[in-house]
């Protein structure tokens, strides 16, 4: 059977077509070749959070490779591990609350294992110490004892602990100048009160007649002007609020009574000079904040008045706040009149 070809059986055309195939121009992509694929560093390369997965796997392997004492899970000693935000900043790992809880659970498991070899036990302990809270000498290392790259090496630098300010005076205490000082809050108002005992007026105390004999002493005991009354006699104390007298600062009588109520309960009216600094809130909130500050300072100055002041409920902050307005209502709880038609 006769065959047909595109060259028509001409040997010259066949040779020319073969030469064109042999002399084909190189492709512009021939010099690129096949790009090498980077091998993943860890098995968790394709996971959503590879750093967290590697860390969790390393901590879990500690509990899996070593035996743990035979006791219930509820008796596992819980360590004080660093907070989640601190963990994320130090180790450059993002995690949510559930992931952090799982990590701390595995840390507790790894911290409770028993390792017989001392060198291995020291290595595991050094590895777990970088996750402890308040650890002074931290070295960020891996399980193989090699320091991790990209992590901060604290070395032997001690952790700086911020000194907390002394706030015990807010509950009542004597300052360096001999004044009883305390603080109080109510709504948005904050008050600070200083109490100074009023010195006894010796001239007025001397005017009180002293009993000459036992008969006069009995009569004096029955009367109001006794020797004990003379000893307890004091002048009326002055109350200043933000540098102004009490009646001038609090115009309403109920607010003034609220400020002086601790002295009335403890029967100490006029026994102290009171200086108050208050800010924020309205007149009612400021008056009740002053009341709390005065009551705490009075309790610190005279512990005998504790029972009466405490029974009146004057030593604790009133945490009530104004209830917010609700949508669809004119006020917090008030509703519009319902109309049928």
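Residue numbers (full-length UniProt numbering): 1 to 341. Built from N, CA and C at the ideal position, the CB exists for glycine as well.
Checklist entry - To the nearest whole angstrom, what separates the beta carbons of residue 270 and residue 237, a pair I think is in contact under 8 Å? => result 5 Å
Checklist entry - Which class does residue 62 belong to by DSSP, given the choice of helix, strand or coil? => result helix
Checklist entry - The alpha helix (DSSP H) spanning residue 87 covers which residue range? => result 84-91
Checklist entry - Tell me which same chain residues have a C-beta within less than 8 Å of the C-beta of residue 330, skipping the five on either side of it? => result 336
Item to check | Environment of residue 111 [buried if 16+ CB atoms lie within 10 Å] | outcome: buried
Item to check | Status (buried if at least 16 other CB within 10 Å, exposed otherwise) for residue 322 | outcome: exposed
Item to check | Span separating the alpha-carbon of residue 253 from that of residue 266 | outcome: 20 Å
Checklist entry - Do residue 189 and residue 285 come within 8 Å of each other at the CB atom, strictly closer than that value? => result yes
Checklist entry - Counting along the chain, where does the beta strand (DSSP E) carrying residue 273 start and finish? => result 272-279
Checklist entry - Can you tell me whether DSSP reads residue 102 as helix, strand or coil? => result helix
Item to check | Rounded separation between residue 303 and residue 81 - CA only | outcome: 42 Å
Checklist entry - How about residue 195 and residue 171: are their beta carbons less than 8 Å apart? => result no
Checklist entry - Do you know how far the Cα of residue 100 is from the Cα of residue 92? => result 14 Å
Checklist entry - Nearest-angstrom Cα distance between residue 333 and residue 277? => result 35 Å
Next on the checklist: Please classify residue 41 as buried or exposed, where buried requires at least 16 other C-beta atoms within 10 Å of its C-beta.
Outcome noted: exposed
Checklist entry - Going along the chain, which residues of its own chain have a beta-carbon closer than 6 Å to the beta-carbon of residue 139, five neighbours each way excluded? => result Legend: pLDDT at residue 139 = 44, less than 50; position of this residue unreliable, value from coordinates given subsequently. Closer than 6 Å at the Cβ level, and outside the excluded window around residue 139, lies no residue.
Checklist entry - To which residues of the same chain is residue 318 closer than 7 Å at the C-beta, ignoring the five residues directly before and after it? => result 186 and 288
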